[in-house]
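Take a look at the structure set out below.
Protein chains in written order, with my numbering: chain Y, 69 to 292; chain W, 2 to 249.
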């Protein structure tokens, strides 16, 4: 028992590495928030563009979306981080992580928003257009408000799944939670920092998961 | 009969094809100001398509359509400006479920006509009052009966002060006891001088409110005339068979 406590909950190690883990949390929160904002906005923008049904542009969107949904995020992160310097572009690891996860989230978000847009009955479009609303105005005031509601539950789940991938930043040296924890673990030769990292993830993501569940019930759409 | 009143709607040689199938084979139809024209016919006869061509929800394949003298198919026509002059009421109401009754009515007033919020709400409330639903302004479509929803939909079209209103089977999705309230509103519109083109099977309503009844079959106008003639003494065998089927 004391060996177990010594391995995972050693007080001096805890005290010593707490600042590092807290710093990691701050970095994780920062990246996660930026990824959520950029990913969801880009996804929504792509879905809106797709709703104009311009064939050539839609093909590009679909290729982008399918590629980024199919590739493991880690592959993309390594590819960008180690590939770009070879063509003379040096991007900080933080930016690489943000960029890749944002694009991955955007790809999934686009599909979710698009599915939402498609599920709005044709009659809604016709009613709005028959009153003189343009395609864009119909999208903005009639279709998207309904589609976004439909998108909230799946989008919440996907957003949680992708923001957790901030932990992948550790392989390219982004100072987020896992990176701080593994570094502390190798310096101290003790697993306490890893436990601290796990607790830090729980503290960050349990509220988000709970919020997600709340949003799912709150936005469950009563159809007419 | 001399044309005393100008034609609000003037359709000539209208054809519509879906793929290889032609569903309207050259329709000629003129509707005068303040006239209520009823279109009846078996399902698949092209009635709804005819109506939907009138505001280009369906793009006509050939022919011409004029609304209050303006060619709605001209290249220079602003489709959105044209549509707000043509009210449309749908079988399935198509109210916006995320907006309350008043906002359903005011959306186009604000976004298309650029009315201020206060002005849009004043017009919207007047339109809801006209269909007897001023007290339901804050209700969402999901909280209204089918008949009330359809009346809100009528108010939504009415608020834009259209030159003509198109009704696409406005009572077909309603429970029988709710039909009357919608027809009462339509009757009131007729009294107020609204020009209306109605696709419907409400024969009793057609009999006492319509100025003219058109019978369509297989994408053609088979027969038209005052309701008494069409319902009581049709000249065409197909009309007779259809009326007999309906009134059976």
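For glycine and all other residues, C-beta sits at the position ideal for the given N, C-alpha and C.
7 Å Cβ cutoff met for residue i and residue j
i	j	result
residue 177 of chain Y	residue 237 of chain Y	no
residue 201 of chain Y	residue 109 of chain W	yes
residue 232 of chain W	residue 199 of chain W	no
residue 240 of chain W	residue 214 of chain W	no
residue 76 of chain W	residue 56 of chain W	no
residue 69 of chain W	residue 164 of chain W	yes
residue 7 of chain W	residue 31 of chain W	no
residue 259 of chain Y	residue 85 of chain Y	no
residue 98 of chain W	residue 142 of chain W	yes
residue 28 of chain W	residue 12 of chain W	yes
residue 64 of chain W	residue 15 of chain W	yes
residue 191 of chain Y	residue 93 of chain W	yes
residue 250 of chain Y	residue 100 of chain Y	no
C-alpha distance - residue i paired with residue j, whole-angstrom precision
i	j	result
residue 161 of chain W	residue 194 of chain Y	16 Å
residue 292 of chain Y	residue 286 of chain Y	Caution applies to residue 292 of chain Y, whose pLDDT of 38 falls short of 50 and renders its modelled position unreliable; the model cannot decide the point.
residue 89 of chain Y	residue 126 of chain Y	43 Å
residue 280 of chain Y	residue 230 of chain Y	14 Å
residue 17 of chain W	residue 61 of chain W	5 Å
residue 154 of chain Y	residue 240 of chain Y	16 Å
residue 130 of chain Y	residue 116 of chain Y	13 Å
residue 217 of chain Y	residue 212 of chain W	46 Å
residue 105 of chain Y	residue 167 of chain Y	12 Å
residue 135 of chain W	residue 120 of chain W	16 Å
residue 268 of chain Y	residue 181 of chain Y	31 Å
residue 116 of chain W	residue 124 of chain W	10 Å
residue 245 of chain W	residue 227 of chain W	17 Å
residue 72 of chain W	residue 51 of chain W	16 Å
residue 243 of chain Y	residue 152 of chain Y	20 Å
residue 122 of chain Y	residue 128 of chain Y	10 Å
residue 76 of chain Y	residue 70 of chain Y	10 Å
residue 183 of chain Y	residue 209 of chain Y	17 Å
residue 103 of chain Y	residue 161 of chain Y	14 Å
residue 146 of chain Y	residue 164 of chain Y	9 Å
residue 194 of chain W	residue 66 of chain W	22 Å
residue 207 of chain W	residue 74 of chain W	30 Å
residue 101 of chain W	residue 284 of chain Y	22 Å
residue 189 of chain Y	residue 199 of chain Y	17 Å
residue 73 of chain Y	residue 80 of chain Y	12 Å
residue 225 of chain W	residue 91 of chain W	24 Å
8 Å CB neighbourhood of residue i in its chain, flanking five on each side removed
i	result
residue 183 of chain W	148, 151, 152, 155, 171, 172, 175
residue 46 of chain W	217, 218, 219, 220
residue 293 of chain Y	Not covered by the structure: residue 293 of chain Y. The range shown for chain Y is 69 to 292.
residue 97 of chain Y	272
residue 148 of chain Y	159, 164, 167, 168
Contacts around residue i, its chain only, beta-carbon distance under 6 Å, and the 5 residues preceding and following it disregarded
i	result
residue 119 of chain Y	185, 207
residue 136 of chain Y	171, 172, 175
residue 248 of chain Y	88, 89, 92
residue 226 of chain Y	176
residue 157 of chain Y	none
Beta-carbon contacts of residue i that lie in its chain and below 7 Å, excluding the five residues immediately before and after
i	result
residue 159 of chain W	88, 128, 131
residue 19 of chain W	none
residue 112 of chain Y	177, 181
residue 197 of chain Y	206
residue 228 of chain Y	273, 276, 277, 280
residue 140 of chain W	101, 102
Where residue i meets chain B, residues with beta-carbon distance less than 7 Å
i	result
residue 93 of chain W	Looking for chain B here will not work: the only protein chains present are Y and W.
Suppose only complete runs of 4+ residues qualify. What are the alpha helix (DSSP H) ranges in the stretch 92-170 of chain W, listed by chain order? 102-112, 118-131, 147-159
Check whether the stretch 104-120 of chain W and the stretch 211-221 of chain Y touch, using three or more Cβ-Cβ pairs below 8 Å as the test. no
Ignoring anything shorter than 3 residues, give me the beta strand (DSSP E) runs that lie fully in the stretch 16-85 of chain W, in order along the chain. Note on the stretch 16-85 of chain W: whole beta strand (DSSP E) runs with a minimum of 3 residues are 22-33, 37-41, 63-68, in chain order.
Can you check the stretch 121-174 of chain Y for any beta strand (DSSP E) of at least 3 residues that lies completely inside it and give the ranges in chain order? none
Start-end ranges of the beta strand (DSSP E) lying completely within the stretch 179-231 of chain W, minimum 3 residues: With a minimum length of 3 residues, the continuous beta strand (DSSP E) runs that stay inside the stretch 179-231 of chain W are 197-200, 213-218, 221-226.
Does the stretch 29-49 of chain W touch the stretch 194-209 of chain W, meaning 3 or more C-beta pairs lie closer than 8 Å? yes
Which runs of the beta strand (DSSP E) fall wholly inside the stretch 200-238 of chain Y and span at least 3 residues, in chain order? none
Determine contact between the stretch 263-272 of chain Y and the stretch 123-130 of chain W, defined as no fewer than three beta-carbon pairs at a distance below 8 Å. no
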